[in-house]
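Residue 100 in full-length UniProt numbering sits at position 100 of the sequence shown; the count goes up by one each step and never skips.
A virtual CB, placed ideally from N, CA and C, is assigned to each residue, including glycine.
Since the structure is predicted, the reported quantities are computational estimates derived from the model, not experimental observations.
This report concerns only the one structure given below.
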Amino acid sequence: MYWGKYLKRQFGLFFTLILGMSLFLCTFMLWQLPMTSLLNASLLFLLMIIIYAVIDYQKFRHEQRYMAELQSENEQIRTKLATQMQQDKNFMDIMRVWTHQMKVPLASLDLVAQTQLPELQKQTFELENYLTILLEYLRVQNTMTDFRFELVNVRELVNTVIKKYAAQFIHKNLKVTIVGEAMIKTDAKWLAVAVEQIINNAVKYTETGGVKIEITDRQLRMIDSGIGILASDLPRLFSHGFTGYNGRLDKNSSGLGLYLAKLVLDKLSCHIAVTSEIDVGTTVVIGFSQQ
Numbered sequence: 001m002y003w004g005k006y007l008k009r010q011f012g013l014f015f016t017l018i019l020g021m022s023l024f025l026c027t028f029m030l031w032q033l034p035m036t037s038l039l040n041a042s043l044l045f046l047l048m049i050i051i052y053a054v055i056d057y058q059k060f061r062h063e064q065r066y067m068a069e070l071q072s073e074n075e076q077i078r079t080k081l082a083t084q085m086q087q088d089k090n091f092m093d094i095m096r097v098w099t100h101q102m103k104v105p106l107a108s109l110d111l112v113a114q115t116q117l118p119e120l121q122k123q124t125f126e127l128e129n130y131l132t133i134l135l136e137y138l139r140v141q142n143t144m145t146d147f148r149f150e151l152v153n154v155r156e157l158v159n160t161v162i163k164k165y166a167a168q169f170i171h172k173n174l175k176v177t178i179v180g181e182a183m184i185k186t187d188a189k190w191l192a193v194a195v196e197q198i199i200n201n202a203v204k205y206t207e208t209g210g211v212k213i214e215i216t217d218r219q220l221r222m223i224d225s226g227i228g229i230l231a232s233d234l235p236r237l238f239s240h241g242f243t244g245y246n247g248r249l250d251k252n253s254s255g256l257g258l259y260l261a262k263l264v265l266d267k268l269s270c271h272i273a274v275t276s277e278i279d280v281g282t283t284v285v286i287g288f289s290q291q
């Protein structure tokens, strides 16, 4: 395995030995000396060289393997360090924006607590959502997070998420339609987290019409009649910290919801795709893994 490298390394030594033996041969031939003595001496010398080469090669091979292991470990450490640094950076970015997000509903709570109960409920719900998103993001980033895969009724899961947002749907007079049902093998808790981020956006950016949800054993399709997403924003929709321009409620919006959904769905071996048209609506499709 390492003979090629070893021979290159010892080329000078072996070349010198071969040249020396050639000179001895030429000397014996010129002086017409008995070749038997040269042959015996050459065989003994060759045996010594072979023994030396075998021992030296074993040492060389051990060094090469040790160096390869060190390089491999060094590369793994560098990769882990780079990953950890990126995660730390992402976390600090999220905490910075999240802190700003907390100030908005808290300020609104302070202003309307005495007079505007519906607005108070809305801001309280938003505050709870921001906290939930941050906590779920931290959990899904933890490599020790356990995923419990079992048969899940997708329709029941969607109904549970819709019930959580019932007040928002009623307040905006939005209609919710759910068609179909399916049983799939997945983690119910984490799939609900991903679905909730999409429903949250649908409610937030839809003023008239409603949301239609289509369920099959292959995919979950959520269609809203909201303001839509700019075509230029679609490729970056799941990027960390990215927020689209159209309909953005706050220029410092965290953009964490869809990023979290993508992280979760990747871990569940599902894929997500989004199509949208301005002033028409947005369609989000979650494709289930076929197990």
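Option in the options with minimal Cα separation from residue i
i, options, result
"N173", "E181, V195 and S225", "S225"
"R148", "L234, E69, Q197 and A188", "A188"
"V211", "E75, K175 and L157", "K175"
"H271", "M21, N40 and V195", "V195"
"I215", "E207, K59, Q71 and A182", "A182"
"T206", "S72, Q219, I184 and Q168", "Q168"
"E126", "K164, V154 and M85", "K164"
"F60", "R155, I170 and Q10", "Q10"
Rounded C-alpha distance that separates residue i from residue j
i, j, result
"K267", "D93", "22 Å"
"V179", "R221", "10 Å"
"S254", "S232", "In this predicted model, S254 has a pLDDT of only 48, less than 50, meaning its place in the structure is not dependable enough to derive any value."
"K251", "Y130", "Any answer about K251 is weak, because its pLDDT of 43 lies below 50 and its placement is not dependable; what the coordinates show is given next. Roughly 16 Å between the two C-alpha positions."
"S42", "Y57", "22 Å"
"T79", "V97", "27 Å"
"Q219", "A166", "23 Å"
"L44", "A68", "36 Å"
"P105", "Y66", "58 Å"
"T282", "V274", "7 Å"
"F14", "I77", "39 Å"
Residue j beta carbon less than 9 Å from that of residue i
i, j, result
"V152", "A202", "no"
"F288", "T160", "no"
"F238", "K262", "yes"
"L258", "I213", "no"
"residue 294", "L256", "Lying outside 1 to 291, the shown extent of the chain, residue 294 is not represented and no answer is given."
"V193", "V140", "yes"
"K8", "Q64", "no"
"L135", "L191", "no"
"N90", "H240", "yes"
Cβ distance (whole Å) where residue i is taken to contact residue j below 8 Å
i, j, result
"Y137", "L260", "5 Å"
"L17", "I49", "6 Å"
"D146", "I184", "Rounded, the Cβ-Cβ distance is 19 Å, inconsistent with contact."
Contact the stretch 227 to 235 vs the stretch 273 to 289: 3+ CB pairs below 8 Å:
Yes, since at least three Cβ pairs between the stretch 227 to 235 and the stretch 273 to 289 fall closer than 8 Å, the two stretches touch.
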